[in-house]
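All you need for the working numbering is the position in the sequence shown, starting with 1, plus 18.
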Amino acid sequence: MANLGNSGSDSKVILLIEDNIDDERLTLRALRRNNIMNEVVVACDGQEAIDYLFGSGSYAGRDMNVMPAVVMLDLKLPRLSGLEVLKRIREDSRTKRLPVVVLTSSEDEQQIEQAYAQGANSFIQKPTDPGEFSEMVLQLAMYWLLLNRTTADRMPV
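What follows is the structure, given as structure tokens:
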């Protein structure tokens, strides 16, 4: 079983912000099926995502030294839209450099432009085929958890 990141408590966390239970299940199943055992925190709406990221609400008191290695963000969310979540992520010094991948069923060119204008690192249309969806999740996890380097990643001296 792979844990794409450091071992133990330093494991790279994935924040999945998704209100569609079917897409949530497909994503979690794809990660498990591909032996990606990183912790996945699921937020079912935009406000829950903000609470997790900033240690408020039901996440008050969480270890704020542990930030996600990647945020997988749906745009169509209740309470706060995905674009509003993205805006808040980019406005705060604690989260502004977090990699954010927008995953949506939308083909709306304006939404794509808005997502990039708000600071999305990537915009991906969710495949409708379960096999293609699983492959997309694998490729995202491999890139953002294994290949992508951030200043938080420290090379051994």
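Glycine is no exception: its CB is placed at the ideal position from the N, C-alpha and C atoms.
Quantities reported herein were computed from a predicted structural model and do not represent experimental measurements.
- Taking the Cα positions, residue 110 is about 10 Å away from residue 104.
- Taking residue 77 as reference, the option from 66, 86, 83 with the minimal CA-CA separation is 66.
- Taking the CA atoms as reference points, residue 133 sits about 30 Å from residue 53.
- The beta carbon of residue 89 sits closer than 6 Å to those of 33, 116, 118, all from its chain and outside the five residues before and after it, given in chain order.
- As a beta-bridge residue in DSSP terms, residue 140 pairs with 119.
- At the C-beta level, residue 108 and residue 136 come within 8 Å of one another.
- Residue 148 is positioned such that its CB atom lies no closer than 8 Å to that of residue 49.
- Between residue 86 and residue 31, the CB-CB gap stays under 8 Å.
- The alpha-carbon separation between residue 70 and residue 152 amounts to approximately 26 Å.
- Taken in chain order, the complete alpha helix (DSSP H) segments of 4 residues or longer contained in the region 62 to 94 are 64 to 72.
- Short of 7 Å from the beta carbon of residue 46, and not among the five residues preceding or following it, lie these beta carbons of its own chain, in chain order: 58.
- In this structure, the beta-carbon distance from residue 38 to residue 163 does not fall below 8 Å.
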